[in-house]
Amino acid sequence: MKDITVGDLKAIKVFQDVPDDQLQWMIDRSKHYELPEGEFMTTPGEPLSGTHVIISGRIELYRIQNNAKLFIAELLPGTVTGSLPFSRGKVGVAYGQCTELTQIMTFPVELMRELIVSHYELTQALVIVMTSRVREFTELEQQNEKMMALGKLSAGLAHELNNPAAAIVRGSVSLKKHLLLQPGAFKKLISIHLSPEEIELINAKMLQIMATKDRPVLSMMQRSEREDQILDWLDVNSIGECDDIAENIVEFGITEDDLEELKSKINKDDFSPILLWINNNLTTERMVADIQEASKRIADLVGSVKTFTHMDRGGEKEVIDIHVGIKNTLTMLNYKLKKANIKVTEEFDLTLPHVKVMVGELNQVWTNLIDNAIDALENQPDPELRIITHHDKEFVKVSICDNGPGVPAEIKNRIFDPFFTTKSVGKGTGLGLDVVIRIIKQHHGSVTLHSGPGKTEFLVCFPINS
551 MKDITVGDLK AIKVFQDVPD DQLQWMIDRS KHYELPEGEF MTTPGEPLSG
601 THVIISGRIE LYRIQNNAKL FIAELLPGTV TGSLPFSRGK VGVAYGQCTE
651 LTQIMTFPVE LMRELIVSHY ELTQALVIVM TSRVREFTEL EQQNEKMMAL
701 GKLSAGLAHE LNNPAAAIVR GSVSLKKHLL LQPGAFKKLI SIHLSPEEIE
751 LINAKMLQIM ATKDRPVLSM MQRSEREDQI LDWLDVNSIG ECDDIAENIV
801 EFGITEDDLE ELKSKINKDD FSPILLWINN NLTTERMVAD IQEASKRIAD
851 LVGSVKTFTH MDRGGEKEVI DIHVGIKNTL TMLNYKLKKA NIKVTEEFDL
901 TLPHVKVMVG ELNQVWTNLI DNAIDALENQ PDPELRIITH HDKEFVKVSI
951 CDNGPGVPAE IKNRIFDPFF TTKSVGKGTG LGLDVVIRII KQHHGSVTLH
1001 SGPGKTEFLV CFPINS
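Count along the sequence shown starting at 1, add 550, and that's the number in this note's numbering.
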């Protein structure tokens, strides 16, 4: 192992302007050692033993997130890391594993106060290292926080899109099969002879059925009873070959009186093939309507994504309806809400004036607060999320409230601190609420926490014209 000299430290940019006597003081009081390949210099949660200077070798810095290894950085010779003057960090936040034989010089944390009091230039050099490290780590964690949020939203969105996409595929296949069966009904229809008046009557009846939007909303039991009544009527009138006719007739709100009226105006022998033809048209209409509804769902989801991410727009403030962003956020997180069986209650003040905000940034606020509430409600009985908006003079107030276990009293004062998280390793970076605070401060507003068992409320308040 190499003996470390003042010249060795002077070769490191951090220490270039530090007086020789201070560097020698640091060398004399430091621990000098080597770690073999595979050995850990630091691990998450382990107390920091001091300021580490990498003399030779390499160390890989990484975290474990969602059971996957997340690379952070590679520490090369000349790197200064570990505990630094005025740093609030007391424990490791990542794994530091040697990838080859590594020589390290560690200045003990117990002598940090003496260093600060007696060695100004050395302290200044190490403080510069700390501020640079905080900035770089913050940028990395913010990016990581965004990627985690994007991953959650992507998973939920993929699930939400999968249902209507599958419905379109099923509907198109069924429609194709149905259309292949149409020639048989058409043959029966053209074999009968209808007068112009009868054709006009049937056509008018068909148009009336298709145009009716006020269709009955029935429970499963009511629908089943209505279908049984229609089947009885069809049986009495010797109408067969229509397995789904009762279902279609009930779906489109056709009554026995409607059928009797049609029957009374058409030749008895012609009624069955005409009803069969009408039923085939109704079946086609239902299939097309299902495909349209699924397509609209996909279009709505894509529209929500576009609005949520604020695509095609700059970062300037815009005047918007604040409820649009909240609703789009709920749409984006709908999969998590449904998975956790959370009841969502919206108490929106629809008289609220439009607000001037940075839309994309504000959507990050709603995402972080709602996502935190969902996590807090995990495995809770009768979970409920309440979102309340109201107007208070020149201010908008938005309350995100859940009936979870609450925030423990001992950590309430730290909940907004950067990197503080109550989630397990790999599930959070501790920047969610820090992001919320920074964005709302940009809007000249405030975020306050009120929490107790059974109720946690984050109250966001900012000026209408911020």
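For glycine and all other residues, C-beta sits at the position ideal for the given N, C-alpha and C.
Alpha carbons only, please: which of the options is nearest the one belonging to residue i?
i	options	result
leucine 935	Leu919, Val946, His602 and Val630	Leu919
isoleucine 950	Thr901, His941 and Ile876	Ile876
lysine 886	Glu868, Val869 and Ala923	Ala923
leucine 585	Glu610, Gly595, Val564 and Glu596	Glu610
threonine 895	Glu944, Ile937, Ser682 and Glu928	Ile937
leucine 825	Met756, Glu777, Phe1008 and Val852	Met756
isoleucine 554	Gln653, Leu625, Leu676 and Glu750	Gln653
valine 915	Val985, Lys867 and Ile789	Val985
threonine 1006	Val957, Ser996, Gln992 and His994	Val957
leucine 912	Asp899, Ser996, Gly600 and Ala926	Ser996
aspartate 932	Cys1011, Lys813, Met760 and Gly954	Gly954
isoleucine 795	Ala926, Thr939 and Leu781	Leu781
threonine 881	Ile605, Asp899, Val869 and Asp921	Asp921
glutamate 660	Ile1014, Arg579, Met770 and Val869	Arg579
threonine 917	Lys867, Asp808, Ile989 and Glu928	Ile989
leucine 672	Pro714, Lys560, Ser774 and Met770	Lys560
glutamate 596	Val564, His582 and Gly642	Gly642
phenylalanine 945	Val1010, His873, Ile987 and Ile965	Val1010
glutamate 928	Lys889, Ala716 and Asn878	Lys889
tryptophan 827	Met655, Ser769 and Leu729	Leu729
proline 1003	Gln930, Ile987 and Phe1012	Gln930
alanine 715	Asp850, Met662, Met770 and Met655	Asp850
Got a sec? Which residues, its chain only, sit under 8 angstroms from residue i by beta carbon, not counting five neighbours each side?
i	result
isoleucine 562	Val603, Gly628 and Val630
valine 556	Asp570, Leu573, Gln574 and Ile577
asparagine 963	none
alanine 644	Thr592, Pro594, Leu611, Tyr612, Arg613 and Ile622
arginine 773	Val800
methionine 551	His582, Tyr583, Glu584 and Gln653
Cα separation between residue i and residue j?
i	j	result
glutamine 647	serine 633	17 angstroms
leucine 711	aspartate 952	27 angstroms
serine 1001	aspartate 871	28 angstroms
aspartate 820	isoleucine 742	6 angstroms
glutamine 758	threonine 901	39 angstroms
methionine 591	isoleucine 622	15 angstroms
isoleucine 666	proline 658	13 angstroms
histidine 941	lysine 947	6 angstroms
glutamate 797	isoleucine 816	23 angstroms
valine 679	lysine 640	16 angstroms
leucine 883	threonine 649	41 angstroms
leucine 625	glutamate 664	27 angstroms
asparagine 589	glutamate 960	It should be noted that the sequence gives glutamate, not asparagine, for residue 589. Whole-angstrom Cα-Cα distance: 36 angstroms.
glycine 607	glutamate 897	60 angstroms
leucine 598	lysine 991	33 angstroms
leucine 832	proline 746	23 angstroms
lysine 943	valine 852	35 angstroms
asparagine 787	glutamate 777	15 angstroms
methionine 993	alanine 926	According to the sequence provided, residue 993 is histidine. The question's methionine does not apply to it. Near 27 angstroms, if we compare the C-alpha coordinates of alanine 926 and histidine 993.
glutamate 748	alanine 754	10 angstroms
arginine 683	lysine 893	43 angstroms
aspartate 808	valine 719	34 angstroms
lysine 818	arginine 836	28 angstroms
lysine 867	asparagine 1015	10 angstroms
asparagine 713	isoleucine 605	57 angstroms
glycine 600	isoleucine 965	27 angstroms
So, at 7 angstroms on beta carbons, what are the nonlocal neighbours of residue i in its own chain, with the 5 sequence-adjacent residues on each side left out?
i	result
glycine 803	Thr762, Arg765 and Pro766
asparagine 587	With the sequence shown as reference, residue 587 is identified as glutamate, and asparagine is not the correct amino acid for it. If we look at glutamate 587 and ignore the five residues flanking it on each side, its Cβ neighbours are Cys648, Thr649, Glu650 and Leu651.
serine 637	Met680
phenylalanine 1008	Leu919, Ile950, Val997 and Leu999
histidine 669	Gln572 and Trp575
asparagine 891	Pro933
leucine 751	Lys815
aspartate 899	Thr939, His940 and His941
Mind checking whether the beta-carbon of residue i lies closer than 7 angstroms to any heavy atom of the ligand MN?
i	result
glutamine 615	The ligand MN is not among the ligands present in this structure, which contains no ligands whatsoever.
Which one or two residues does DSSP pair with residue i in a beta bridge?
i	result
phenylalanine 1008	Ile950 and Leu999
valine 800	None; valine 800 has no bridge partner.
glutamate 624	Glu610
arginine 936	Thr895 and Cys951
threonine 592	Gly646
tyrosine 583	Ile654
glutamine 615	Ala618
glutamate 868	Val907
I'd like the list of long-range same chain contacts for residue i, defined as Cβ closer than 6 angstroms, with 5 residues on each side in sequence excluded.
i	result
leucine 676	Leu634 and Pro635
aspartate 558	none
serine 822	Ile789
Three-pair Cβ contact test at 8 angstroms for the stretch 838–847 versus the stretch 897–914: At 8 angstroms Cβ cutoff, the stretches do not touch.
contact_flag[the stretch 823–842, the stretch 707–726] where n(CB pairs < 8 angstroms) is 3 or more: With contact defined as three or more Cβ pairs closer than 8 angstroms, the stretch 823–842 and the stretch 707–726 are in contact.
Meets three-Cβ-pair contact criterion under 8 angstroms: the stretch 608–626 and the stretch 564–577: In the pairwise beta carbon analysis, the stretch 608–626 is classified as not touching the stretch 564–577: fewer than three pairs are separated by under 8 angstroms.
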